[in-house]
Amino acid sequence: MSDRVSIKIPRPLYVRLQQVIGDSGFSSPTDFIVFVLRDLVGTLEPERQGELSDDELVAVRKKLENLGYL
Amino acid sequence: MIEAHGGRLISRIANESEQERWRAELPNLKRVTMNRRELSDVEMIATGAMSPLEGFMGRRDYEHVCEHGRLANGIPWTIPITLAVTSEIVAAEQIEIGENVALQDSEGTVFAVLEISDIYKVDKDHEAQSVLKTTDAAHPGVAYLQSTGDTYLGGKITMLQRPTQDRFEDFRLDPRETRFLFKEKGWDTIAAFQTRNPIHRAHEYLQKCALELVDALLIHPIMGETKSDDIPPDVRLECYNALLKGYYQADRVAMSILPAAMRYAGPREAIFHAIIRKNYGCTHFIVGRDHAGVGGYYGTYDAHNIFKEFEALEIGITPLFFDHAFYCNTCNNMASQKTCPHGSDQHVFLSGTKIREMLSNGESLPPEFTRPEVSEILQRHYSNETATVSS
């Protein structure tokens, strides 16, 4: 079974995409669409927080105190 | 607080439920073995030190980085972060896009999972020329590229277990932790100093010049893979501690180890190092002469000039450029070529070879060049090394 499926988009949009990608490095509108969709789906995934949890805060504070920084 | 590169500090460390899920899946996953650099990259990506990267680069990012020093979305990024395998392994293991593989070290310990979104063959000579500006196999970065497979696997990673740093564990602070520290201390401006060597007085001078301009200093030595003739990490750490104890204002300086591997990519690595420090929350980055250089592959000020190729706002962290520093016997103080009018015969400067020679012979380094405490630690290291070689 192929690992790809076909999705239909309006032809004028396809033509417009061909113009937009120009010499940007994307080899085809398909590549561009896959790239944009991957990027979009990535933003919809639950965002991993760069914040420290309460437990982590306690541990970090202790670590920094042990190092003499706090 | 300065924003992480790309706007968001990444975390790819598995939380409890992800641990549970991946651990249950591990027995069914194919395994890919990482080398030491790739393992340290996993840790750097997972902790957010390499934000906005969330995994190893796919072809589009890789090609844009090699050609333009930017990710495919245009964000500045100068060093490819890649996971190499051989095409034979890909074929034999039937590794495919869309599947998840376990990433293990050479001893079979699994550290992360990779969700493969790209598999692509690369031209290593082209990468070496683009990134390292040479294809000379004597360059450690080129030698590394030649030692790894011809196919790269791209995709997001999730770290399940951290590599240990043994004795350095206490000194390892993640970006979230340094950011917390800076906030707690009320430091708004922080200059980072990158090093892979002991700190001599010339480096101390640069750091203190920077410290006159900002609130605090983060000494951020690289403790990942370096060249075999670099001073071992534990010896360097001892030197840093001795120096901090005796010569720095404790309330204005912090030290944390950086688990990154050196690439020796000179100017491109200067940008890379600056971006990483921005992710740790630093606002300024000290760039000395021949930053991250090796041999004679890069011009003395290439690492300064490359910053002109980017808009200041794109990089985000402010570079602080410094000239060659030394002790001048006539000025009777530390100075640089920018500030000292006297000839080189008045400057105390020792080459790496001369330093090794003096230390191996049991001689102290002059106090104008290195603090006595540092000299003593290095002397001890070299005498142990000499004893080991002769026995």
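Protein sequence lines correspond, in order, to chains A and B. When we follow numbering that gives the first Met the number 0, the leftmost residue of the first sequence carries the number 0, and every step to the right adds one. When we follow numbering that gives the first Met the number 0, the leftmost residue of the second sequence carries the number 0, and every step to the right adds one. Cβ coordinates follow ideal geometry from the N, Cα and C atoms, glycine included.
Nearest-angstrom Cβ-Cβ length linking TYR151(B) and THR81(B), presumed shorter than 8 angstroms:
5 angstroms
How should ASN278(B) be labelled, buried or exposed, when 16 other C-beta atoms within 10 angstroms of its C-beta is the threshold for buried?
buried
Helix, strand or coil at LYS120(B) according to DSSP, with G and I counted as helix:
strand
Does DSSP classify CYS327(B) as helix, strand or coil?
strand
Excluding sequence positions up to five away, which residues of its chain have a Cβ less than 6 angstroms from the Cβ of ILE275(B)?
ALA48
So with Cβ pairs under 8 angstroms, would you call LEU28(B) a contact of chain A?
no
Taking DSSP as the reference, what is the three-state secondary structure of ARG69(B)?
strand
Taking C-alpha atoms, which residue in PRO162(B), GLY295(B), PRO366(B), VAL373(B) lies nearest to SER105(B)?
PRO162(B)
Is the CB of ARG22(B) under 8 angstroms away from at least one CB in chain A?
no
Is the CB-CB distance between ILE74(B) and PHE170(B) below 8 angstroms?
no
Can you pull the chain A neighbours of ALA191(B), defined as C-beta to C-beta under 7 angstroms?
Those within 7 angstroms of ALA191(B) in chain A number zero; the least Cβ separation is about 15 angstroms.
Identify the contact partners of PHE31(A) in chain B, using a Cβ-Cβ distance below 7 angstroms as the criterion.
Near PHE31(A) there are no residues of chain B at all, since even the closest Cβ is about 10 angstroms away, more than 7 angstroms.
Looking at the C-beta of VAL57(A), does it have a partner C-beta in chain B at a distance below 8 angstroms?
no
Name the two residues that bound the continuous beta strand (DSSP E) containing ARG30(B).
29-32
Tell me whether the beta-carbon of LEU358(B) lies closer than 8 angstroms to the beta-carbon of GLN378(B).
yes
Would you identify the three-state DSSP class for ILE189(B), choosing helix, strand or coil?
strand
So, at 8 angstroms on beta carbons, what are the nonlocal neighbours of LYS337(B) in its own chain, with the 5 sequence-adjacent residues on each side left out?
ASP322
Measuring alpha carbon to alpha carbon, tell me which of THR29(A), LEU12(A), GLU64(A), VAL14(A) ends up nearest VAL4(A).
THR29(A)
What are the start and end residues of the beta strand (DSSP E) that includes ALA253(B)?
252-254
For a quick check, are the C-beta atoms of ILE189(B) and LEU217(B) less than 8 angstroms apart?
yes
Pick out the complete alpha helix (DSSP H) segments inside the stretch 308-362 of chain B, 4 residues or longer, and give them in chain order.
311-314, 351-359
Shortest alpha-carbon distance to GLU114(B) belongs to which of GLU98(B), ASP124(B), GLN248(B), LYS123(B)?
GLU98(B)
Looking at ALA291(B) and ALA269(B), is the spacing between their C-beta atoms short of 8 angstroms?
yes
When you compare only the Cα positions, how much space is there between ILE118(B) and HIS138(B)?
27 angstroms
Just curious, the beta strand (DSSP E) that MET457(B) is in, first and last residue?
As displayed, chain B neither begins before 0 nor continues past 390, which places residue 457(B) out of reach and without an answer.
Give the DSSP-derived three-state secondary structure of ILE12(B) in the structure shown.
strand
May I ask which residues mark the beginning and end of the beta strand (DSSP E) holding PRO220(B)?
215-220
When we look at the beta-carbon of TYR13(A) and count the other beta-carbons within 10 Å, is it buried (16 or more) or exposed?
exposed
Give the residues of chain B in contact with LEU69(A), contact being defined as C-beta atoms less than 9 angstroms apart.
LEU180, GLU183, LYS184
Leaving out five residues before and five after GLU37(B) in sequence, what residues of the same chain have Cβ atoms less than 7 angstroms from its Cβ?
LEU82
Just how far apart, CA to CA, sit GLU415(B) and ALA58(A)?
Residue 415(B) lies beyond the stretch modelled for chain B, which goes from 0 to 390, so this question has no answer here.
Starting from ASN65(A), trace the alpha helix (DSSP H) both ways and give me its first and last residue.
53-65
Are the beta-carbon atoms belonging to GLY148(B) and ILE88(B) less than 8 angstroms from one another?
yes
Along the chain, where does the beta strand (DSSP E) containing TYR151(B) start, and where does it finish?
150-158
Proximity test, Cβ basis, 8 angstroms: LEU16(A) and chain B:
no
Does the stretch 234-246 of chain B come close enough to the stretch 369-376 of chain B to have 3 or more Cβ pairs within less than 8 angstroms?
yes
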